[in-house]
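Each residue of the sequence shown is one higher than the one before, starting from 1 at the first, in full-length UniProt numbering.
We treat Cβ as the ideally placed atom computed from N, Cα and C, and that holds for glycine.
Notes follow the structure.
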Amino acid sequence: MTDAAAEPLALSLTAAGPLSGTVTVPGDKSISHRALMFGALAVGETRIEGLLEGEDVLATAAALRAMGADVTRAGAGSWRVHGVGVGGLLQPRTALDMGNSGTSTRLLMGLVAAHPITATFIGDPSLSKRPMGRVVEPLSRMGASFAAAPGNRLPLTLTGACPAVPIRYELPVASAQVKSAVLLAGLNTPGRTSVVERVPTRDHSERMLRGFGATVEVEESAEGRVITITGEAELRPQTITVPGDPSSAAFPLVAALIVPGSRVTIANVGLNPTRDGLVRVLRDMGADILLADERIVGGEPVADLMVTAGPLRGIEVPPEVAPSMIDEYPALFIAATFAEGKTVMRGLEELRVKESDRIAVMAAGLAACGVGVEELPDGLIVHGRGGEAVPGGATVASHLDHRIAMSFAVLGLRAAAPVVVDDARPIATSFPDFLPLMRRLGARV
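Next comes the structure, spelled out in structure tokens:
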């Protein structure tokens, strides 16, 4: 985990010329978390290739070990999970340290909620500020009980219910984490548990649960999309290949677009239709992004992204695309900085409760680097520079947020004076190979 007591690691990237080369980004974080969790609930050995070995996913692996699963690393990105079966999680002896991972916390809360055990979740200072009430509310309806810090924050102790009570839950805000937490609690709950989402969110849980043998039904209704899981499931072990994470691909993708003359290929990127919003929006802005070798890997669409630098134009981004690219908006803010005209991005309230308030933090950092920005309650307006370099010359605070750190590192590639990120250590939570990858493309660290 990122050690808040250790010395900060300042970072600045520059580009002496075009970026070029073919790179592969780490395995998809969302799929990596779920592969470990579902493997831990299957009976037998699940094999996972291409697992993201960042701190967030390792926190999930450690928590599952603490609750009885045998989770071992067999080689680089290659992992084996011997599960305990649905309903078989054991009482952990110590608190579960989630580090900086909100996904680990919320999904594991769902798993524990339908087991007769008590677990305490703790995290780093950043995670401890994030509200967990949106998960506490539906899981409480299912019978779980909670004791938490003020505002339903960590540290949080959850006592599961067994048997839990099946519910039909309408998501008040679009959130794949809340949806997944309820579905995972439904795995060990007798009867049918349903989640209704008015706006579709990433569907990795539904896809993978089916692959492991759970009965999952998806219906379109007047209320929205209804996902129903039949409880007391028996999961079968699987062999899973994790595609590259589109959220990580966002950073070399935007870097290639903004550094003149660049031509970069990012291989094996997951392009699930609930996750490909950034590629669609950048293409609407005029970005030259070609999809090569489109294919299906483990039930997930995958392609190689061939990216060529060129002019971008400012647009009004439809708010309804936000769930398909919510984690990629910091990178989009950087791309918008170099577009012609203004880019308006709304419907992003979710960004205010991520590892940091990503709207406020990005607005402050961009302004410090000489970019015209207007902060909105639910988004940001970026006044693009038409391809010109930003003045730069600022030190920006990462606020222990990996995506903030990588976004401003990328901005520095097109800055007249260095842009310094005050602390790059959080990057290890999701993209431990970020700096070596950027070096391979030609950036100077």
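Identified DSSP bridge partners for residue i
i       : result
Val-173 : Looking at the DSSP assignment, Val-173 forms no beta bridge with any residue, so it has no partner.
Arg-385 : None, per the DSSP bridge assignment.
Lys-179 : Looking at the DSSP assignment, Lys-179 forms no beta bridge with any residue, so it has no partner.
Ala-415 : Val-390
Lys-342 : His-383
Gly-372 : His-383
Asp-70  : His-82
Ala-42  : Leu-235
Leu-11  : Val-421
Met-306 : Thr-265, Leu-290
Sequence-distant residues of the same chain with beta carbon closer than 6 angstroms to residue i, five excluded per side
i           : result
Ala-5       : Because the pLDDT of Ala-5 is 47, which lies under 50, any placement of that residue in the model is unreliable, and the number read from its coordinates should be weighed accordingly. Answer for Ala-5: no residue qualifies.
Arg-85      : Before going on, a small fix: residue 85 reads as Gly here, not Arg. Only Val-43 meet the Cβ criterion.
Glu-300     : Pro-243, Gly-270, Asn-272
Ala-424     : Leu-9, Leu-11, Ala-405
His-399     : Ser-356, Val-361
residue 447 : This structure leaves residue 447 out entirely; the chain is present only between 1 and 445.
Leu-411     : Ile-334, Val-419
Thr-429     : Gly-54, Glu-55, Asp-56, Asn-100, His-402
Asp-288     : Thr-308, Gly-310
Gly-386     : Glu-340
Neighbour-count burial assignment, residue i, 16 or more Cβ in a 10 Å radius
i       : result
Val-57  : buried
Ala-15  : buried
Ile-296 : exposed
Thr-2   : Below a pLDDT of 50, predicted positions are generally treated as unreliable, and Thr-2, at 49, falls in that range; the measurement from the model is reported next regardless. Flag for Thr-2 reads buried.
Gly-27  : buried
Pro-252 : buried
Glu-223 : exposed
Val-445 : exposed
Gln-238 : buried
Val-178 : buried
Arg-283 : exposed
Val-195 : buried
Thr-201 : buried
Ser-221 : exposed
Top-ranked residue by Cα proximity to residue i, from the options
i       : options                            : result
Ala-267 : Val-302, Glu-320, Val-297          : Val-302
Pro-377 : Gly-392, Arg-385, Arg-358, Val-371 : Arg-358
Ala-336 : Val-279, Phe-434, Met-285          : Met-285
Leu-209 : Thr-201, Ala-443, Leu-183          : Leu-183
Phe-431 : Leu-257, Gly-387, Asp-245          : Asp-245
Pro-131 : Val-353, Gly-392, Pro-436          : Val-353
Ala-148 : Ser-128, His-115, Cys-162          : Ser-128
Ser-22  : Ala-416, Pro-426, Arg-263, His-402 : Inspection of the sequence shows that residue 22 is occupied by Thr rather than by Ser. It is Arg-263.
Arg-280 : Met-325, Thr-118, Ala-367, Thr-265 : Met-325
Asn-100 : Arg-93, Phe-121, His-115           : Phe-121
Pro-125 : Thr-94, Met-98, Val-216, Gly-87    : Met-98
Val-254 : Gly-88, Met-438, Met-67            : Met-438
Arg-236 : Ala-256, Glu-219, Ser-145, Ala-214 : Ala-214
Phe-434 : Gly-151, Ser-247, Arg-275          : Ser-247
Gly-347 : Ala-69, Gly-160, Val-173           : Val-173
Cutoff 7 angstroms; reference residue i; Cβ partners in own chain excluding five residues on either side
i       : result
Gly-372 : His-383
Ala-250 : Leu-278, Glu-328, Ala-331
Ser-32  : Leu-51, Leu-52, Val-57, Val-242
Ala-292 : Ala-303, Asp-304, Met-306
Phe-408 : Gly-365, Val-396, Val-419, Val-421
Thr-24  : Gly-244, Ala-267, Asn-268
Pro-426 : Thr-2, Asn-100, Ser-398, Leu-400, Asp-401, His-402, Ala-405
Ala-363 : Val-373, Glu-375, Leu-380
Nearest-angstrom Cα separation, counted from residue j out to residue i
i           : j       : result
Pro-318     : Phe-333 : 15 angstroms
Met-406     : Ile-381 : 20 angstroms
Ala-360     : Glu-234 : 45 angstroms
His-204     : Ser-30  : 7 angstroms
Asn-188     : Leu-108 : 13 angstroms
residue 453 : Thr-228 : No answer is possible for residue 453: the residues shown for the chain start at 1 and end at 445.
Ala-76      : Glu-340 : 42 angstroms
His-191     : Arg-106 : According to the sequence as given, residue 191 is Gly; it is not His. One C-alpha to the other measures close to 22 angstroms.
Thr-72      : Val-81  : 7 angstroms
Arg-403     : Thr-230 : 36 angstroms
Thr-46      : Gly-39  : 5 angstroms
Ser-104     : Ala-59  : 7 angstroms
Arg-225     : Met-345 : 25 angstroms
Val-199     : Glu-206 : 15 angstroms
8 angstroms CB neighbourhood of residue i in its chain, flanking five on each side removed
i       : result
Arg-141 : Val-165, Ile-167, Tyr-169
Gly-392 : Cys-369, Gly-370, Leu-411, Gly-412, Ala-415, Ala-416, Ala-417, Pro-418, Val-419
Thr-265 : Gly-21, Thr-22, Val-23, Ala-292, Asp-304, Leu-305, Met-306, Val-307
Ala-443 : Leu-13, Thr-14, Ala-15, Leu-19, Ala-255, Leu-413
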